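A quick write-up on the structure given underneath.
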Amino acid sequence: MIKGEIQLEGKRVRLIPMSLEHLDGLFEASNQSEIWKYSPSEVSKPEHLEMNKKIELRDQGLGYPFVVFDKDVNEIVGSTSYMNISERDRKLEIGGTWLHPKVWRTSVNTECKYLLLKYGFEELDLVRVQFRTDARNERSNRAIQRIGAQLEGTLRQEMIMHDGHFRDSNVYSILDKEWDGIRDKLLGYLSNG
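Per this note's numbering, residue 5 is the first one in the sequence shown, and the count goes up by one each step.
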């Protein structure tokens, strides 16, 4: 589905294909415990970023991990990915997203989602994009709802977290027929902030 290397760029962020040369920058950005509160993994060592596994999934056409580079501060501030890619069904999931707390409540996440959705619907010709998040993670649930994704339901005890908690995951989606309205909403958010 995704051919070659893609780099997505907006006013503030650049989404760069993940490579091992980004390890130091990613680990430095990830070294904040509050990032991992609702994550299945906890990053306390560079190998916990599982970069080799993510790059291997990209090579298999099943995922596409990006490094989030904030042009305002000229540094890596997180990561996001296309996941669970299905070329046959023209769908994928946007996930594995984490950002340094210093860019929370800024335009960084909104612009990342805009760039990923735009490329997905307009270049990859997707019919569905999905998001999953911990049902307890109010900040992420609000952010996904704010962009216009529809809540489809909750997967109960979908995964076991790094602390042993059984996570319930909320599943959201955006369909191709909804993209025009969501694109306009996201562009409005980005022009105001």
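Heads up, the beta-carbon is just placed ideally off N, CA and C, and yes, glycines get one too. Predicted model, so just to flag it, every value in this text is computed and none were measured.
Just so you know, the alpha carbons of residue 17 and residue 161 end up roughly 34 Å apart.
A distance of 8 Å or more separates the beta carbons of residue 60 and residue 52. Taking C-beta atoms under 8 Å as the contact rule, residue 79 and residue 29 qualify, at a distance of about 7 Å. Under DSSP, the beta-bridge partners assigned to residue 102 are 83. Excluding sequence positions up to five before and after residue 58, its CB lies within less than 8 Å of the CB of 22, 67, 69, 85 and 100, all in the same chain and listed in chain order. The shortest CA-to-CA distance from residue 174 to any of 149, 190, 180 and 187 is the one to 149. The secondary-structure analysis by DSSP pairs residue 95 across a beta bridge with 90 and 132.
Residue 7 places its beta carbon 8 Å or farther from that of residue 115. In the three-state DSSP reduction, residue 142 falls in the helix class (H, G or I). For residue 163, the enclosing beta strand (DSSP E) covers residues 154 to 164. As a beta-bridge residue in DSSP terms, residue 171 pairs with 163. When DSSP reads this structure, residue 137 sits in a beta bridge with 174. Scanning its chain for C-beta atoms nearer than 7 Å, with the 5 sequence neighbours on each side dropped, one finds around residue 33 the residues 80, 81, 82 and 104, in chain order. About 17 Å separates the beta carbon of residue 89 from that of residue 117, a gap too long to meet the 8 Å contact definition.
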